[in-house]
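Residue numbering for the sequence shown follows UniProt numbering, beginning at 1 and increasing consecutively.
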Amino acid sequence: MKTLPDLAQVKRRGCLQRGVPEADCESVAEHSHAVATYCLVSAPIWRTEAAEVALVHDLAEVVTGDVIPADGINAEQKRSREELAFEYLESVNPSITGLKAFLDDYRNKVIPAARLVHDVDKLQRLIRAAKYAQKYPHLDFGDFKEDVTATTTPTCRLPDSALSTYEERELTAGVPRWSWRRKRHPECLGRRET
Numbered sequence: 001m002k003t004l005p006d007l008a009q010v011k012r013r014g015c016l017q018r019g020v021p022e023a024d025c026e027s028v029a030e031h032s033h034a035v036a037t038y039c040l041v042s043a044p045i046w047r048t049e050a051a052e053v054a055l056v057h058d059l060a061e062v063v064t065g066d067v068i069p070a071d072g073i074n075a076e077q078k079r080s081r082e083e084l085a086f087e088y089l090e091s092v093n094p095s096i097t098g099l100k101a102f103l104d105d106y107r108n109k110v111i112p113a114a115r116l117v118h119d120v121d122k123l124q125r126l127i128r129a130a131k132y133a134q135k136y137p138h139l140d141f142g143d144f145k146e147d148v149t150a151t152t153t154p155t156c157r158l159p160d161s162a163l164s165t166y167e168e169r170e171l172t173a174g175v176p177r178w179s180w181r182r183k184r185h186p187e188c189l190g191r192r193e194t
């Protein structure tokens with residue numbers, strides 16, 4: 001069995017582009033782990049499915065690198081790159097065969113777990129941006145707030161410590177509160193869909 005490339009070596013380019021030093025920049029592996037962890041504490045019903053989708057949602061980036069809007073790659077081109085990346089990864093290590101189904105769930109947003117991962121993905125980016133903004137006040141992370149306001153499903157339960165600093169509260173001003181606090185949203189109370 002061959003070893004897969006190390007996702008921990010792939011840095012989040014959106015943060016690098018804003019000026020976060022590479023040594024302090026979050027890796028794609030750290031991001032995926034954080035999203036999966038938030039899903040575990042946020043999903044009252046489908047937490048396992050959400051965590052699985054979260055762990056795989058950026059796995060192709062071990063081959064493609066972290067694609068950001070500034071790259072000028074449209075959704076179809078990104079999808080094609082991800083498909084090729086998974087073909088390669090499965091050829092290197094056949095034990096991951098089948099994981100692409102989680103990526104398909106993520107992209108299609110059909111199951112509630114995948115919709116939750118989309119929202120938590122945005123939420124995690126905002127929380128990370130708030131931490132960077134606190135550490136590097138001269139850098140601009142304001143556009144991350146716009147990303148979170150586009151969420152379509154709630155993150156049902158996020159630890160209260162997520163907005164523990166003044167800077168984090170400032171970055172999230174105007175974001176619907178159900179996205180941030182321990183409140184139940186009607187969609188979270190529904191039955192598990194498969």
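Note that beta-carbon positions come from the ideal geometry of N, C-alpha and C, so glycine has one too.
- By the beta-carbon neighbour count (other beta carbons within 10 angstroms, threshold 16), A101 is exposed.
- V67 and L7 have their C-alpha atoms spaced approximately 14 Å apart.
- If the five residues before and after C15 are omitted, its C-beta is found closer than 7 Å to the C-beta atoms of C25, E26, Y132, all from its own chain and listed in chain order.
- If the five residues before and after T64 are omitted, its C-beta is found closer than 7 Å to the C-beta atoms of R81, E82, A85, all from its own chain and listed in chain order.
- Counting the other CB atoms within 10 Å of its CB gives Q124 a total of 16 or more, which places it among the buried residues.
- When C-beta atoms of the region 27-47 are compared with those of the region 85-94, fewer than three pairs fall below 8 Å, so the two segments do not count as touching.
- Across the set Y136, G19, V117, the C-alpha of V117 shows the shortest separation from the C-alpha of V56.
- Excluding the 5 residues flanking it on each side, R47 has same chain C-beta neighbours closer than 7 Å at C39, L40, in chain order.
- Counted as a single uninterrupted DSSP element, the stretch harbouring R12 is not any alpha helix (DSSP H), since DSSP gives it neither H nor E.
- In the DSSP assignment, E82 falls within the alpha helix (DSSP H) that extends over 75-92.
- Just so you know, the alpha carbons of V28 and I111 end up roughly 23 Å apart.
- Rounded to whole angstroms, the separation of the alpha carbons of L139 and A54 is 28 Å.
- Under the DSSP assignment, T97 falls outside any alpha helix (DSSP H); it carries neither an H nor an E label.
- D105 places its beta carbon less than 8 Å from that of A114.
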